[in-house]
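Chemist:
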Amino acid sequence: MLTGFNFRGTVAGVRVYESSFNGRVSTKYFLGVLSSVRNQYGIDEQKIQEFRIPNDNDAVQCMNYYNSLKGKLVEVSFEHRSGALDDGRTWAFMVVTGVSEVKPEK
Numbered sequence: 001m002l003t004g005f006n007f008r009g010t011v012a013g014v015r016v017y018e019s020s021f022n023g024r025v026s027t028k029y030f031l032g033v034l035s036s037v038r039n040q041y042g043i044d045e046q047k048i049q050e051f052r053i054p055n056d057n058d059a060v061q062c063m064n065y066y067n068s069l070k071g072k073l074v075e076v077s078f079e080h081r082s083g084a085l086d087d088g089r090t091w092a093f094m095v096v097t098g099v100s101e102v103k104p105e106k
């Protein structure tokens, strides 16, 4: 598991994804962060990176905090989780470990 990564960008919002399987409903929360990077032609390209918000007891508090940061510049610290299933399929996602607001550079 890789840890200690930082990602800087503007908070786009929080997305809720619900799925059901065999009558059991699971809910996943994602934080979208918009970043801008200049390509080799000198054009700014924007990309939204989604980070998985872990399901825990403070989920509602986290949602309120993340929604209050919408449109603000933040730095997201995250860890990358990946693995493989028994049938050979692989999975990977980035889990938020912390979010802090950053003052824009002048």
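Under UniProt numbering, the residues of the sequence shown are numbered 1 to 106, in order. Every residue, glycine too, gets a C-beta built ideally from N, C-alpha and C. In this text the structure is predicted, and so the values were computed from the model without any measurement.
DSSP on ASN67, reduced to helix/strand/coil?
Modeler: helix
Chemist: In chain order, what residues of the same chain have a beta carbon less than 8 angstroms from the beta carbon of GLU45, not counting five sequence neighbours either side?
Modeler: SER36, VAL37, ARG38 and ASN39
Chemist: Quick check on the burial criterion: 16 or more other C-beta atoms within 10 angstroms. Buried or exposed for VAL11?
Modeler: buried
Chemist: In terms of residues, what are the limits of the beta strand (DSSP E) holding ASN38?
Modeler: Position check: residue 38 holds Arg in this sequence, whereas Asn was assumed. Residues 24-38.
Chemist: What separation, rounded to the nearest whole angstrom, lies between the Cα atoms of LYS72 and TYR65?
Modeler: 12 angstroms
Chemist: With 16 as the cutoff for other CB atoms within 10 Å, does PHE51 come out buried or exposed?
Modeler: buried
Chemist: Quick one: measure Cβ to Cβ for ASN6 and VAL76, integer angstroms, because I've assumed they're closer than 8 angstroms.
Modeler: 7 angstroms
Chemist: To the nearest angstrom, how far is it from the Cα of PRO104 to the Cα of TYR17?
Modeler: 31 angstroms
Chemist: Taking the beta carbon of ILE53 as the centre, do at least 16 other beta carbons fall within 10 Å, making it buried, or is it exposed?
Modeler: The C-beta of ILE53 has 16 or more other C-beta atoms within 10 Å across all chains shown, which makes the residue buried.
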